[in-house]
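In this note's numbering, the protein residues as written are 297 to 653. Structure record follows, encoded as C-alpha cells.
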Ligand SMILES: O=C(O)CCC(=O)C(=O)O
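In C-alpha cells form, the structure reads like this:
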C-alpha cells in the first residue's frame with residue numbers, strides 16, 4: 297500500500313529546489329512512504345537508495361555473473377532474438393542520439409568484441425530505451441520500489457488501448473558508454489553535482505534536472521520516466537512554455553488556415569504531447585480515481601501497489617489545480633479538440649470538485 301498521512305499538497309517553489317543541494321543523500325534504512333513523498337518527491341530533492349532495496353530483484357541475480365559483471369551470455373540465451381534500439385554515443389539526433397535496431401545477440405557480439413580488443417578508440421554503441429517490461433511482461437525482472445509507485449505516466453500508458461507504449465526501459469552499455477551528446481558541455485558546467493551509483497543502487501533524479509550518465513564499468517540499468525502529483529505542475533509549465541515557443545516560431549504564418557491547430561501539431565511533434573493529449577492524460581488518471589472511490593474498489597499501481605485513499609484525494613487535488621490552469625489558458629477555446637462538451641475540462645473539473653467537497 298502507498299499512502300499519505302494527509303491528502304493536502306504542500307506546494308514548493310520547485311525552481312529553487314536545486315539551491316543548497318551539494319550532495320545526494322544516501323538512504324540506507326527503510327523510510328516511510330509518507331516521509332519519502334514529502335521530503336524528496338514533493339521537495340524535488342535527489343537521493344540514492346542503497347542496494348538493499350533491490351536485493352530481491354530477479355535482475356540482481358539472473359543478470360549478473362558470480363563476479364558481479366553483466367551476464368551477457370544469459371541475455372543471448374534468453375532474449376537473443378529480441379529487437380533492441382542501439383545508439384551511437386558520438387552521434388547526435390535532435391536532443392538525443394540516433395538509434396538503429398539490432399538483434400540483441402548481435403549487439404552483445406559487438407560488446408564481447410570490445411572486451412577482447414582494447415586498442416584505440418572504438419565506436420561506442422549504447423543499447424537504450426529497450427521496453428523490456430512491455431516485451432516480456434511475465435518475466436518479472438524487478439518490482440518498482442513502492443516509493444516510485446505513484447506514476448501517472450506509466451499508469452496512463454498501461455490503460456491506453458489505442459497505442460502500446462511505456463516509460464520503463466532497460467539500458468546496456470560497455471564501460472565508457474555515455475549519453476554525452478545530450479549535454480556536450482556538461483563536464484565543464486559549473487554547479488553540477490556528481491554521484492557514483494554502485495551496483496544495485498537506485499537513484500532518484502528530480503523532475504526537470506538535466507542529467508547525464510557515464511558508465512564507469514560495463515553496465516545494465518533499469519530506468520523509469522515518471523509523472524505524478526508532485527511534478528505535474530512542472531509538466532504543465534513546460535507544456536505552456538513549449539507552446540509559447542512554437543507560436544513565436546511560426547508567428548509570421550498567423551493568417552494561415554487553422555494556425556492554432558498547426559501550433560498544436562508542432563507542439564506534439566516537438567514536445568511529445570499537445571493540449572488535448574495532456575488533458576486526456578489528466579482525465580484518464582482522474583476518472584480511474586473517481587471510479588475507485590465511488591465503487592469502493594482498489595486502485596493498483598504497477599500491478600502490485602494499492603494506492604490509499606488520502607493519496608487518491610491528493611492526486612485529485614493536483615489534477616483539479618491543473619485543470620484550473622488549463623481552463624484559464626485563453627487559447628483553449630480556439631483549439632478545436634476541446635469543442636466536445638461531454639468531454640470538456642469544465643465537466644471533469646466539476647466531477648472532481650464534487651468528489652472533493
Ligand atoms: O542510463 C542512462 O544512460 C540515461 C538514463 C536517463 O537519463 C534517464 O532515464 O532519464
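The beta-carbon is built from N, C-alpha and C at its ideal position, and this holds for glycine as well. Remember, predicted model here, so these are calculated numbers, not experimental data.
Spatial neighbours of residue 532 in its chain, beta-carbon cut-off 7 Å, leaving aside the 5 residues before and after:
Residue mapping note: residue 532 aligns to position 236 of the chain shown, counting from 1. These residues qualify, in order along the chain: 618 and 621.
If we require 4 or more residues per run, which alpha helix (DSSP H) segments fall completely within the region 375 to 438?
400 to 412 and 428 to 431
Go through the region 550 to 616 residue by residue and report every complete run of the alpha helix (DSSP H) that reaches 4 residues or more, in order.
555 to 567 and 571 to 591
Check whether the Cβ atoms of residue 354 and residue 438 lie closer than 8 Å to each other.
Taking the first residue of the chain shown as position 1, residue 354 is located at position 58. Taking the first residue of the chain shown as position 1, residue 438 is located at position 142. Yes, they are a contact pair.
Since residue 502 sits in a beta bridge, which residues does DSSP pair it with?
In the chain shown, counting from the first residue as 1, residue 502 sits at position 206. In DSSP, residue 502 forms no bridge with anything.
Quick check on DSSP: helix, strand or coil for residue 547?
Counted from its first residue, the chain shown places residue 547 at position 251. Helix, per DSSP.
How is the alpha helix (DSSP H) around residue 452 delimited, first residue to last?
The count along the chain shown starts at 1 and reaches residue 452 at position 156. Taken as a continuous stretch (DSSP letters only), the alpha helix (DSSP H) holding residue 452 covers 448 to 455.
Is it right to say residue 483 is buried, meaning 16 or more other beta carbons lie within 10 angstroms of its own, or is it exposed?
Reading the chain shown from its first residue, position 187 is the one you call residue 483. Label assigned to residue 483: exposed.
Just checking residue 517 against ligand 1 - is the residue's beta carbon closer than 7 Å to any of the ligand's heavy atoms?
Taking the first residue of the chain shown as 1, we reach residue 517 at position 221. Yes - ligand 1 has a heavy atom lying nearer than 7 Å to the Cβ of residue 517.
Collapsed DSSP secondary structure at residue 624 in the structure displayed:
As a working mapping, residue 624 is identified with position 328 in the chain shown. Helix at residue 624.
Along the chain, where does the beta strand (DSSP E) that runs through residue 332 open and close?
Residue mapping note: residue 332 aligns to position 36 of the chain shown, counting from 1. Taken as a continuous stretch (DSSP letters only), residue 332 belongs to no beta strand (DSSP E), being part of the alpha helix (DSSP H) at 329 to 332.
Does any heavy atom of ligand 1 sit closer than 7 Å to the C-beta of residue 450?
Taking the chain shown and counting its residues from 1, one reaches residue 450 at position 154. No, Cβ of residue 450 sits at least 7 Å from all heavy atoms of ligand 1.
Here's a check: name, in chain order, each residue in its chain whose Cβ is nearer than 8 Å to the Cβ of residue 416, leaving out the five neighbours to either side.
Locating residue 416 in the chain shown gives position 120, counting from the first residue. For residue 416, the pLDDT reaches just 47, beneath the cut-off of 50, and the residue's location in the model is therefore unreliable, although a value from the coordinates is still provided. Correct list: empty, nothing qualifies.
Mind checking residue 424: buried by the 16 CB within 10 Å criterion, or exposed?
By 1-based counting over the chain shown, the position of residue 424 is 128. That one is buried.
Helix, strand or coil for residue 520 per DSSP?
The residue given as residue 520 occupies position 224 in the chain shown. In the structure shown, residue 520 sits in a strand (DSSP, three-state: E or B).
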